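**Q** The structure's right below; bear with me while I get my questions together.
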Amino acid sequence: MLEALPNIGNAIAADLRAIGIETPEQLAQRDPLQTYYSLAEQMGPRHDPCVLYTLLAVQHYFNSDEKLPWWNFTDQGKRLLNSDDTQAPA
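Under this note's numbering, think of the first position of the sequence shown as 292, with each following residue one higher.
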């Protein structure tokens, strides 16, 4: 259940399901930035960047089993968004 993951509430879980991610295992196999772009394609290109920070926090949890708040990943997320202009939706 996606909502069992740290930082994933009902709204983000519903958004993930809308793009075909139903389980934590499926989310663990996805790149956070590409998942963010997939969400933006589905829901509009001005998707809140905090969603990316949340996905980075979840990836950290998958890799380390350490639960950290999503805002700890703000700087990393901003760097990713600023450095990757190849996949951003128009």
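The C-beta atom is built at its ideal place from N, Cα and C for all residues, glycine as well.
Just so you know, these numbers come straight off a predicted model, no measurement behind them.
Within a Cβ cutoff of 6 Å, which residues of the same chain sit near Leu-318, ignoring the five residues on either side of it in sequence?
**A** If we look at Leu-318 and ignore the five residues flanking it on each side, its Cβ neighbours are Ile-312.
**Q** Any idea if Pro-360 is buried or exposed, counting beta-carbon neighbours within 10 angstroms, 16 or more meaning buried?
**A** Exposed, since its Cβ has fewer than 16 Cβ neighbours within 10 Å.
**Q** Counting C-beta neighbours from all protein chains within 10 Å, is the total for Pro-336 16 or more, i.e. buried, or is it exposed?
**A** Exposed.
**Q** For Ile-303, is the classification buried or exposed, using 16 other Cβ atoms within 10 angstroms of its Cβ as the cut-off for buried?
**A** Buried is the call here.
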